[in-house]
Structures are given as structure tokens and as C-alpha cells.
Amino acid sequence: MGKSITISGVFIYLRLVQEPFRDRSKLWWIVLGVILGGTIALVASLIILAARSSSGLGIPVVVGTILFGVSMLVVGLFRTLLIRQGTFSPRIGTLFLVGITCLLGVITIPVSIFILPAGWFDLWTVFVMGGVAIGIILLFLYSRYSWLKERGSPGLLTITGFLMVLAIIYMTVISYWIVPYDPADINVGPILWPPHPGFPLGTTSLGQDLLSRTIAGGGIMLQVAFLSVLICFFVGVPLGLLSSFRGGTLDRVLSLIMDAIFAFPGLILAIAIAAMLGPGVINMALAIAVVYIPSYFRVLRSQVLTIKELPYVEAAKALGARDRDTMLGYVLPNALPSIIVVMSINFADAVLTAAGLTFVGLGLPIDVADWGWDLTFGWHQLITGAWWVITFPGIMIVLLALGFTLVGEGLNEILTPMLKE
Amino acid sequence: MPNLLEIHNLSVEYKTRLGIARAVDNVSITLDENKTLGLAGESGCGKSTLGRAIIRLVPYPGRILEGEILLNLDEDVPYENGVVEKGQINLLQLDDDQMRALRGKKLAYIFQDPMTSLNPMERIGKHFVEIIKAHEPDTPKEDAQVRTKDLLEALDILPERVLDYPHQFSGGMRQRVMIGLGLTLTPQLLIADEPTTSLDVIVEAQILNLISDLKDKFNLTMMLITHNLGVLAETADSIAIMYTGRIMEIAPTEALFESPQHPYTQALLQSVPDVRKPDRKLSWIPGSPPSLTEPIPGCMFRPRCPHAMEICEMEPPPLIKSASGGIVACYLYEGS
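So the protein lines, in turn, are chains R and F. Using this note's numbering, you'd call the opening residue of the first sequence number 104 and step up by one each time. Using this note's numbering, you'd call the opening residue of the second sequence number 5 and step up by one each time.
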């Protein structure tokens, strides 16, 4: 950002845009306060949880990851400074950041070995992953807050969404070390008790601690959601782009296949595929991906069909652009915002579909802590008045889906230069 | 030394639902180096199609039927699999790769609508760097950026604005950017397809001035397509009048305005207001052009022509030398 401020055109634009925001700055401070307060509350509750965790290593894990995150933040600030001084080019700066992060990861190895020789690799992974999650949160808050704030509400939506998702990721990563009870253990407490001091969120019908299950239950769901979105993106987008750009027989055949998949109701198709492939994270992700690839394909195809006829694509051709230049430089970036919206919807939907798959018993074995499982069991207990069993995992799913949706919604507006103003 | 551009008997057809429309019918034009040819006519007469045919980007469902487009290249143009050799080449015989290498490098095309001719997701500077990179892949990025800034300066745009997006520019500025993009690699031939149509008169005058300045600076040969005869009066060296895909008259600009030969040219000029004759009533041409899918035999202008004769129904009049120093396609001048 430092560079562009020296440019008069952009400078004028920044000044112009900042004026109305100055009036609303109170609101921005409130939002910042809410975000920071939420983060602090989250960290505080993590530390409280960690203090009474079953593993006995909760405090080192939480403190370690937060230290890791803070050192990432410091390295990030150092990098910004060096880039501003001109010592590093941005690319070298990014390499520097990644390198130092890796180095930190290596340094934590002896720490985890000395603290817990038995499961040191697990602990080390958690240190690094959780630390990176915290580091990203901190860096994001520090260096991107002012930048995104200028974009107005979309920027704020993006921040909020990112923070929600990252917080849930962090919680999931360190969950094993901070839960008060093993989430898979049955009969750790009385059966089906409402929330009370010993078990803050109550217990399930198998006598499991619901708090532990709520903290730990996101792992599978997150993996499935991320994997399926990745698969969808890297299959759906190239197919849609190629098919609509080339047209002809390829387009007809692919459209036909996609329409055929589209004709099935999503969840039922996912159930059928999951039943065929069997349970497991990757199979669930595949089942969900198959259901969502057509929506990427369809959206991208219709966008590309419009965009490739636009004058700027033709102008590029008239100035000697190759097909791949126009396809990747002109058509794809202009179609991408709509794909990002589909992505966020896909993310949210994948979370819900994964819960649905687990709900019908095609997801996971019984002893894995998963929000979808708790919904399945809680559903039967709801009749007896046990509302807590489905409420807390349900809220977590809603929060995760909401986070993804907010990110998608905000990114869509930020990535389109025209909508910036 | 051959002419820079020679078009011989070019025909372009559109296959439509209603039949085959011949948008460019047996057109022959020659264009000297450093001259501007104005191409005028009413909407749908094939002037844009002719321009597109030269860069071989006739929009679907059009196709070039026959003819020759000869361009006199002043240097070898390298492309992926070899070199297009200098000298006179027939553009219609080049393959797609060779043609792509010439577009932007030797042939530039400026489109009608500046508002949508730039990629909204890319900064202005990147447009320039891209075109330089596409044709001269070995150019370092820094050099390309310096060249971009020089060009923008020549176009009266602050060089700092390379970091801005197209939507932050006004229509006139965008059209200047488009012209700059066309001139980045100093092409030999610039085809401007109604470059000022969507701009207001003041900006139009600016752009036209700019074009004529740049023409001298870059030693350009231009083809200016427009339906505005006033624009041509200012900028063109000679003017070609088109009607239903055929050339009706070509004459030096002054001669065309002083003594129009073809009845269609005369009618066109009478429908343009003239400040020197404020009392004159504007006239219009009765009727409308015949459908291109159902061409009538003979001269296409016959149904609207005040001088229509029997011979006009037989076959299209050939282009003959006219009294004003150009050529004209009309039987009125057959004898003289």
C-alpha cells in the first residue's frame, strides 16, 4: 500500500473515499472492538479450557501456538518494513516469511519432544498448524484491517468471515489437547444431563461430554469441506472455461453430462455416491464434489459465454492476443467473482451435506467426534426434551457456514475493481 | 514501390437465417503509405466488415469469400514457428499464427466503443505491458513500463495513472488509451472503426487532433471508418463511399466535397448541414437500402436514385475514372 499512496491518482481516490468513512469511524471502532473482544474472549476461554484439559498439556499447547503466531506476526512486520526500505522485493519478502515460519516449525520439534516424548509428532503438528492459524489471524488483523476497512462493508464482511473460519480451524486443530474429556469416550458423566457446571454444555445419550465433542467435532467436517471445494474448483473451472471457450462438440457433451448430474437432487446423489464409495473423509469429499461440480460448470459457462463476446476480448484479439492470453487474462478473471460466490455457497453447503451424510450413517464410524453424528443422535433425543445435544453442534455448523458465506460475499465485491468505490 | 495496402476483389458473406448476405461485394481499394483513407456510408453498408476483413476477424457467421488483401511489410515479423518475410504479402494466405503476429504489431484496430474495449479487471499499464510482451517476449518488464509511460505522456494522460483501472477513466481518455494501445508497437496500418462515435463533439475534436498528430509522428497509414462526413473532411486524404457492400465512389477529400459525382454521394452531402449555407433545407434520401439477402440486379442504389436509367437494371456499373480525379461506379459517366 505504501507505494501506491505516492501516486497522485490513487492518492486522490483514497482521500475521496476516506472522507465519508471518517464520519462513520465510530461504527468501525465498534466493529473492531467486537472482533478484538471476540478474539480475546475466545483465547481466554481456550486457556481456561486448557487449564482443565484431560491431556494435561492444554496450557503448553495454547501458549505455544499463540507464541508461534506472535512470532509470525513479528516476522511479518519485519518483512513489511524491509520491503518498504527496498531491501526485499515482495516475492523475496513472502519467501522470507514462509522460510522463517518453517524454521519456527523446526525449532518447535525439540520443544515437543521434551514435553511429550511419546506423541511428539502429533504435538509438533498441532504446534505448527495451530501456530500458523493464529499467525494468519494476527497478521490478517494487523496488516489487512486498515486495507480492507477502506473497502467499506464488504471488507468488514470478509474480515469477519475469515476470522470466524480461522478461529474454528484453530479450535479444531488444538482440540485434542484442550478438551476436558476424550470426546469419543462414553460414560464419562451421567447420561443425557442438561448443561450444568461439571459439564457446561451437558452430556449426550451415551454419557459423552458435549463440550468436548463440540470443540473437537469440526475436524472431519472442515477436511471434507476444504477437500470438496478444492476438487470442485480444480475440476469445474477448467472444464467450464474450456467447454464454453472452445464450444462445439466438447461443449455439448460436457453440458449434457453436467445437466444429467444436475437432474438429481444434491443430497440424494451424494448419498448414492457415498454409499458406492464407502465411508471416509476423501470419499465424502468426492461425493460432495460430484454434486457441486455442475454448478461451477454452469455458472462459469454462462459467464464465459457472455464475456468472450465483449468488446475488450475482441480488442485484445485485434491487438494480437493468443487464445490462451484472452482465456486466462481476460475471460477468467472477469468470470472469477461469480465463481467465488459459488465457492462460498459450496463451502457452506458442503458442511451441511457432510452433516447430512453423517446423519444418514454414510459418513463416519461411531467413535469419531463429529457435529453431524451429534445431530443424528440428538435428533432422536429431542423428543424427550434434550435440546442441548443438537443445539451446540448445530450452532457450530451454522457459524462455520456463515463464516464461509461472509468471506465469499465480501471477496466477490473486493475482487471486482469496479465495485470498490 | 508497391502501395502499402491493396485490396483486390474482396467479398465477405454472412450466412444468416434469411439467406446469404454479401456485406462486402467485390471491393478493391489501394492505400498509399502515410495517407488516410476515409470509409463512409450509412449503417449496414459493410464498412466495418471491410475493416474487420483486413485483420481477418470477421465476426461469426461471416466469412471471407474471395479476393486478395496485399500488405507491404516493411520488416520481417517473427512468430512462434518462423518469420513472416518482408515485402508484399497476401493476408488471406497467412495461417492463424502468422496473422496473430501481425495484429497489433503491423495492423492495429481501434474499436467503436471505448467504454467496453478495456479489460475492467486489469490496470491500464498492464494492458500496454501485455501487448508488448505478446509481440516482443524478450522485452524486460521495466522497459515495457517505461515505454508505456512515454506513450501515455504522448496521449496527454498522466503517466502515474498506469496503476488505475479502466473504470476510473473517462470515455475520451479510454479512447486515447485504446489509440495508444494500437500504436504501442508502431504499426504500419491503423484501422479506426468509428473511433469517435460514442464521444461528445469536444472530445471528438480532441481525439481527431490527436490522431492526426500521431499520424505524422508515427508515420501512420490510416483507414478511418465512420458515418460522419464532417470527421472525414478534417482528417482524410481521400474518401471512399460505400453502399450495400460496394464502393460507389472514391475521390480526394476536397474533390469529393466540391464536386460529388455519384448520385448517392450527392444525396449524402445534401443531408449534411453546411454552416456556409444556413438557409439551405436539409434533404434526405427517400426509401431505404435494399436487403442484402435479396440483392437486386444492377445498381443497388437504383430504387432511390433520381437519375435511374434502364441500363441501371442490367448489371452493376463498373468503377470508372471520374472528372473529379477519383473513380465512380455510375452509368451517368459512362460516355464521358
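All residues carry an ideal CB built from backbone N, CA and C; glycine is no exception. Nothing here was measured: the structure is a model prediction, and the numbers come from that model.
Residue i, DSSP secondary structure in three states
| i | result |
| --- | --- |
| R:VAL164 | helix |
| R:HIS483 | helix |
| F:SER242 | strand |
| F:ALA237 | helix |
| F:TYR83 | strand |
| F:SER147 | Inspection of the sequence shows that residue 147 of chain F is occupied by Asp rather than by Ser. Reduced to three states, the DSSP call for F:ASP147 is helix. |
| R:TYR284 | coil |
| F:GLY23 | strand |
| R:HIS299 | strand |
| R:PHE124 | Its pLDDT being 46, under 50, R:PHE124 is placed unreliably by the model, and the measurement read from it follows with that caveat. In the structure shown, R:PHE124 sits in a helix (DSSP, three-state: H, G or I). |
| F:GLN1 | Lying before the first or after the last residue shown, residue 1 of chain F is absent from chain F, which here runs from 5 to 340. |
| F:TYR18 | strand |
| F:ASP323 | The question names Asp, but residue 323 of chain F in the sequence shown is Leu. Note: F:LEU323 maps to coil in three-state DSSP. |
| F:THR40 | strand |
| R:GLY511 | helix |
| F:ASP217 | helix |
| F:SER32 | strand |
| R:ILE289 | coil |
| R:MET267 | helix |
| F:ILE136 | helix |
| R:VAL593 | Residue 593 of chain R is absent from the structure shown; chain R starts at 104 and stops at 524. |
Neighbour-count burial assignment, residue i, 16 or more Cβ in a 10 Å radius
| i | result |
| --- | --- |
| F:LEU22 | exposed |
| R:SER447 | buried |
| F:ARG306 | buried |
| R:PHE124 | Confidence is the limiting factor: at R:PHE124 the pLDDT is only 46, short of 50, which leaves the residue's position unreliable and the question unanswerable from this model. |
| R:GLY179 | buried |
| R:VAL268 | buried |
| R:THR519 | buried |
| R:GLY350 | exposed |
| R:ASN515 | buried |
| R:TYR245 | exposed |
| R:THR56 | Residue 56 of chain R is absent from the model: chain R starts at 104 and stops at 524. |
| R:ALA147 | exposed |
| F:LYS281 | exposed |
Cβ shell of residue i (< 6 Å), same chain only, five flanking positions each side left out
| i | result |
| --- | --- |
| R:THR479 | PHE462 |
| F:GLU309 | It should be pointed out that residue 309 of chain F corresponds to Cys in this sequence rather than to Glu. Here the set comprises PRO267. |
| R:ILE263 | Here residue 263 of chain R turns out to be Thr, not Ile, going by the sequence shown. Excluding positions up to five away in sequence, the list reads LEU509. |
| F:SER202 | ASP117 |
| F:ASN30 | ASN13, SER15 |
| F:ALA255 | SER328, GLY330 |
| R:PRO257 | GLY513, GLU516, ILE517 |
| F:ILE251 | VAL31, ALA244 |
Cutoff 8 Å; reference residue i; Cβ partners in own chain excluding five residues on either side
| i | result |
| --- | --- |
| R:LYS420 | THR429 |
| R:GLN326 | VAL384, ALA388 |
| F:LEU218 | ALA158, ILE183, LEU187, LEU224 |
Cβ distance (whole Å) where residue i is taken to contact residue j below 8 Å
| i | j | result |
| --- | --- | --- |
| F:GLY330 | F:GLU253 | 6 Å |
| F:GLY249 | F:VAL276 | Contact flag wrong, Cβ pair sits at about 22 Å. |
| F:LEU228 | F:THR53 | F:LEU228 to F:THR53, Cβ: 16 Å. No contact. |
| R:THR456 | R:ILE391 | 5 Å |
| R:THR168 | R:GLY234 | 5 Å |
| F:CYS1 | F:GLN265 | With chain F covering only 5 through 340, there is no way to say anything about residue 1 of chain F. |
Closer than 6 Å: residue i CB and nearest the ligand HEM heavy atom
| i | result |
| --- | --- |
| F:LYS285 | Here there are no bound small molecules, and the ligand HEM is not part of this structure. |
Own chain partners of residue i with C-beta closer than 7 Å, once the 5 adjacent residues on each side are dropped
| i | result |
| --- | --- |
| R:ALA438 | LEU403, GLN406, VAL407, ILE410 |
| F:LYS325 | ILE331 |
| R:PHE265 | PHE243, VAL510 |
| R:SER215 | TRP223, LEU226, TRP227, PHE230 |
| R:TRP474 | GLY320, GLY321, MET324, ALA458, PRO496, MET499, ILE500 |
| R:VAL454 | MET324, ALA328, ILE500, LEU503, ALA504 |
| R:VAL282 | SER156, SER157, SER315, ILE318, ALA319 |
Chain-ordered neighbours of residue i on chain A, where CB pairs are closer than 7 Å
| i | result |
| --- | --- |
| F:MET125 | The structure shown has no chain A; the protein chains it does contain are R and F. |
Q) Counting pairs of Cβ atoms below 8 Å between the segment 86-104 of chain F and the segment 142-150 of chain F, do you hit three or more? A) Touching, no, given that fewer than three Cβ pairs across the two stretches are closer than 8 Å.
(Q) Using a Cβ distance threshold of 8 Å, determine whether the segment 5-13 of chain F contacts the segment 491-507 of chain R, with at least three qualifying pairs required. (A) In the pairwise beta carbon analysis, the segment 5-13 of chain F is classified as not touching the segment 491-507 of chain R: fewer than three pairs are separated by under 8 Å.
(Q) With three or more beta-carbon pairs closer than 8 Å as the criterion, would you say the segment 362-369 of chain R touches the segment 397-404 of chain R? (A) Contact check between the segment 362-369 of chain R and the segment 397-404 of chain R: three or more CB pairs, one atom from each, fall below 8 Å, which counts as touching.
(Q) I want to know whether the segment 331-351 of chain R touches the segment 295-307 of chain R - three or more CB-CB distances under 8 Å. (A) No, the segment 331-351 of chain R does not touch the segment 295-307 of chain R.
Q.
Does the contact criterion of 3 or more C-beta pairs under 8 Å hold for the segment 282-299 of chain F versus the segment 22-33 of chain F?
A. With the cut-off at 8 Å, the segment 282-299 of chain F and the segment 22-33 of chain F touch.
(Q) With a threshold of 8 Å, are at least 3 pairs of Cβ atoms found where one atom belongs to the segment 30-39 of chain F and the other to the segment 99-106 of chain F? (A) With a cut-off of 8 Å on Cβ pairs, the segment 30-39 of chain F is not in contact with the segment 99-106 of chain F, counting fewer than three such pairs.
Q | Stretch pair the segment 230-241 of chain R + the segment 469-488 of chain R: three plus CB contacts closer than 8 Å | A | With the cut-off at 8 Å, the segment 230-241 of chain R and the segment 469-488 of chain R do not touch.
Q.
Three or more C-beta pairs under 8 Å: does that hold for the segment 56-70 of chain F against the segment 102-115 of chain F?
A. Proximity of the segment 56-70 of chain F to the segment 102-115 of chain F meets the contact definition, three or more beta-carbon pairs being nearer than 8 Å.
(Q) Is it the case that the segment 206-222 of chain F contacts the segment 231-245 of chain F, given that we only count it when at least three CB pairs across the two stretches are under 8 Å? (A) When C-beta atoms of the segment 231-245 of chain F are compared with those of the segment 206-222 of chain F, three or more pairs fall below 8 Å, so the two segments count as touching.
Q) Counting pairs of beta carbons, one from the segment 268-287 of chain R and one from the segment 304-321 of chain R, are three or more of them closer than 8 Å? A) By the Cβ rule, the segment 268-287 of chain R counts as touching the segment 304-321 of chain R, because three or more pairs are nearer than 8 Å.
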